[in-house]
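Single-structure report; data block below.
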Amino acid sequence: MSMGGDAVGDQEIPAASSANSRRHLYAEGAALLEEDCHVVGAEALFDQALTNGLLAIAARAIPGHSAGDPTARQPSAAKVLDDLAAIASVIDGIVMLGTSEPDYELDERGMLRKLDHEKQVPLHVVQLRDAIARTQTARHGRGPGQQVTPVDVAALVALDQDPSLGTLIDHYADRDWRRAHVDDRAEWARAADYLDLLSNSEIERRVAQAADQLGSSSWSDDLDPQECPVCGNEAMQSTGGDDFGYRITAATCHVCSYRRSDRIAYDLGMDVEWETRWK
Ligand SMILES: [Zn+2]
Numbered sequence: 006m007s008m009g010g011d012a013v014g015d016q017e018i019p020a021a022s023s024a025n026s027r028r029h030l031y032a033e034g035a036a037l038l039e040e041d042c043h044v045v046g047a048e049a050l051f052d053q054a055l056t057n058g059l060l061a062i063a064a065r066a067i068p069g070h071s072a073g074d075p076t077a078r079q080p081s082a083a084k085v086l087d088d089l090a091a092i093a094s095v096i097d098g099i100v101m102l103g104t105s106e107p108d109y110e111l112d113e114r115g116m117l118r119k120l121d122h123e124k125q126v127p128l129h130v131v132q133l134r135d136a137i138a139r140t141q142t143a144r145h146g147r148g149p150g151q152q153v154t155p156v157d158v159a160a161l162v163a164l165d166q167d168p169s170l171g172t173l174i175d176h177y178a179d180r181d182w183r184r185a186h187v188d189d190r191a192e193w194a195r196a197a198d199y200l201d202l203l204s205n206s207e208i209e210r211r212v213a214q215a216a217d218q219l220g221s222s223s224w225s226d227d228l229d230p231q232e233c234p235v236c237g238n239e240a241m242q243s244t245g246g247d248d249f250g251y252r253i254t255a256a257t258c259h260v261c262s263y264r265r266s267d268r269i270a271y272d273l274g275m276d277v278e279w280e281t282r283w284k
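Just so you know, my numbering puts 237 at position 232 of the sequence shown, and the rest follows in order with no gaps.
Have a look at this one:
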């Protein structure tokens, strides 16, 4: 998971999201909200997950939709939801989106049996529209989210049945991963609030002191200061091991007090490993 400097508060959706990063952003938000719908920055996370999920589905389901052209300006979640609802059908009172893929069910022996109709994905239009209206008025701030409900999250997670997504697996399904990232968002917000209390001169004093203190600890590579993702200073003192050798460890910042856990350090190392090996 990548937490940019603005990840906790308001977040811009990149216009040129590739199909993969859309799936990733959808899955990350849906997984964290499913773990805790009041996670810090829940509204922005919901908006990001929903927008990216709907764009991925529209790119698959609507030929010629601007979602299929990453260079085009991307429409809002509300607009894409309307576009999808317009091509969906209502089955037993639920708006369902066709997938042009066969549907299966488990038979009495637990074997997959192909059904004679296509797979349909539930699109909870009314709930999602209502959630967009609520979350967009409350997207700012670092406090715990109050506007996202478990019913909103269920509607968001239901989209994962679409063949363009199907991403809530592997680490996104792992309770430990989810818990660690929910906790990290709270820790991030706590440190950012603390940083706001410091005057510029106090920040400068701490940066200088950290350089002094960490620079003199050259007896171990692990103790090289690392850049803090919250305050941006090279002031993180290592408190853990470097599993992958990318100099990303559990660490505590001398300036803003942000504390990166072992699990978050491991996941960041994993991300770099993945990019280095597979991209
Ligand atoms: Zn810091």
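All residues carry an ideal CB built from backbone N, CA and C; glycine is no exception. All of these numbers come straight from a predicted model, not from anything done at the bench.
Check                                                                                                                                             : Outcome
Could you tell me whether any non-hydrogen atom of ligand 1 is closer than 6 Å to the CB of residue 261?                                          : yes
What whole-angstrom Cβ distance do residue 158 and residue 39 have, given they're in contact under 8 Å?                                           : 6 Å
Note down the Cα distance separating residue 47 from residue 113, rounded to an integer number of angstroms.                                      : 41 Å
Going along the chain, which unbroken runs of the alpha helix (DSSP H) with 4 or more residues stay wholly within the region 144-224?             : 155-163, 180-202, 205-220
Quick check: the region 234-241 against the region 204-214, are there 3 or more CB pairs under 8 Å?                                               : yes
Below 8 Å, how does it come out for the region 50-62 and the region 195-208: are there three or more Cβ pairs, yes or no?                         : no
Name the residue from 236, 235, 256 whose alpha carbon lies nearest to the alpha carbon of residue 245.                                           : 256
Here's the rule I'm using: 16 or more other beta-carbon atoms within 10 Å means buried, otherwise exposed. How should residue 224 be labelled?    : The predicted model places residue 224 with a pLDDT of 49, which falls under 50 and marks its position as unreliable, so this point remains unresolved.
How about residue 128 and residue 82: are their beta carbons less than 7 Å apart?                                                                 : no
Quick one: complete alpha helix (DSSP H) runs, 4+ long, within the region 221-284?                                                                : 267-283
In whole angstroms, what separates the C-alpha of residue 36 from that of residue 203?                                                            : 34 Å
Determine the burial state of residue 279: buried for a count of at least 16 other Cβ atoms within 10 Å of its Cβ, exposed for fewer.             : exposed
What residue range is occupied by the uninterrupted beta strand (DSSP E) comprising residue 58?                                                   : Not the beta strand (DSSP E): residue 58 falls in the alpha helix (DSSP H), residues 47-66.
Identify which residue in 260, 135, 51, 43 has its Cα closest to the Cα of residue 206.                                                           : 260
For residue 212, verify whether its CB is less than 6 Å away from any heavy atom of ligand 1.                                                     : no
Given residue 140, which residues of its chain have a CB within under 7 Å of its CB, disregarding the five upstream and five downstream residues? : 48, 51, 52, 152, 153
How is residue 81 classed by DSSP in three states: helix, strand or coil?                                                                         : coil
Output the boundary residues of the alpha helix (DSSP H) element that contains residue 135.                                                       : 130-141
Rounded to whole angstroms, what is the Cα-Cα separation between residue 185 and residue 175?                                                     : 15 Å
Curious, which full-length alpha helix (DSSP H) runs of at least 4 residues does the region 70-120 contain?                                       : 82-92
Please state the DSSP three-state secondary structure of residue 43.                                                                              : coil
Is the separation between the beta-carbon of residue 122 and that of residue 108 shorter than 7 Å?                                                : yes
Would DSSP call residue 123 helix, strand or coil?                                                                                                : strand
How many whole angstroms separate the CB atoms of residue 102 and residue 125, which I take to be in contact at a CB cut-off of 8 Å?              : 7 Å
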